[in-house]
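Quick note: the sequence shown, position 187, residue 187 per UniProt numbering, numbers continuous. All residues carry an ideal CB built from backbone N, CA and C; glycine is no exception.
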Amino acid sequence: MHFNPAKYDHLEVTPTTAQKPRLSRKRRDGGTPTKRQNDQPTPEPTGASSTSTTVYISGPNEFALLLPGNDGELISDAEDDGVVFCTSGSGCANPFPTGFITGSAVEEAADGSYIQITGCMDSSQFPFAQGDDGGQFDVRFPNGAQCTFGGFGASFIEQVEPDADRFCMRCCKNADDQENCNSHQDRAGCPVAIPGTYEFGEVGCS
Numbered sequence: 001m002h003f004n005p006a007k008y009d010h011l012e013v014t015p016t017t018a019q020k021p022r023l024s025r026k027r028r029d030g031g032t033p034t035k036r037q038n039d040q041p042t043p044e045p046t047g048a049s050s051t052s053t054t055v056y057i058s059g060p061n062e063f064a065l066l067l068p069g070n071d072g073e074l075i076s077d078a079e080d081d082g083v084v085f086c087t088s089g090s091g092c093a094n095p096f097p098t099g100f101i102t103g104s105a106v107e108e109a110a111d112g113s114y115i116q117i118t119g120c121m122d123s124s125q126f127p128f129a130q131g132d133d134g135g136q137f138d139v140r141f142p143n144g145a146q147c148t149f150g151g152f153g154a155s156f157i158e159q160v161e162p163d164a165d166r167f168c169m170r171c172c173k174n175a176d177d178q179e180n181c182n183s184h185q186d187r188a189g190c191p192v193a194i195p196g197t198y199e200f201g202e203v204g205c206s
């Protein structure tokens, strides 16, 4: 698939009229996350590839994310049974709820090693568990997870943070790309694990 960086400058959207009050973000380790230096290899994929666990980034208005498949399920629990949701008309069985995505921006590495999407969401529009500070999906979880940018076995990381109304995903071209798709940053949070755009005019989640 060919990507044209010029069309990915950023997407601004007007906030929905019924934003839920933002909960204070819980820190798993009690402090501000920092990028961890971890040179362990990226774990191998689990299970066979499946369309229900295949994510993609074709633009700020055309992408798919892994999300919990059950109402009220924590992201950390959904790492075993998450399913793909996508922007309307982009090809998957589960469209995002109306008003769920409130801002998104796509960036691609100059050397073509990765593509990423970062953005804000109105988590009140999706049946997340209350008080969920988030978690990560990657090539290990759920079974068969992959991103079309690199294909099955290539590194990718996706973090969803309902309490912060924030999401991010980076798909790498190659397997075991610890520099660009470090799966060991699962507790760091989006701005650390995947630096990018998290402010969209009146909508912000940085």
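Secondary structure note for residue 160: its beta strand (DSSP E) is the uninterrupted segment 156-161. Taking one beta carbon from each stretch, the stretch 178-189 and the stretch 86-98 have fewer than 3 pairs nearer than 8 Å; the two do not touch.
Minimum Cα-Cα distance from residue 66 among the listed residues 137, 90, 124 and 129 corresponds to 137. Going by beta carbons, residue 116 and residue 194 fall inside the 8 Å limit. Note that the C-beta distance between residue 163 and residue 131 is below 8 Å.
Taking the Cα of residue 74 as reference, the smallest distance to any Cα among 91, 99 and 126 is reached at 126.
In this structure, DSSP gives residue 203 an extended state, which the three-state scheme calls strand. DSSP places residue 186 outside both helix and strand once states are collapsed to three, so it counts as coil.
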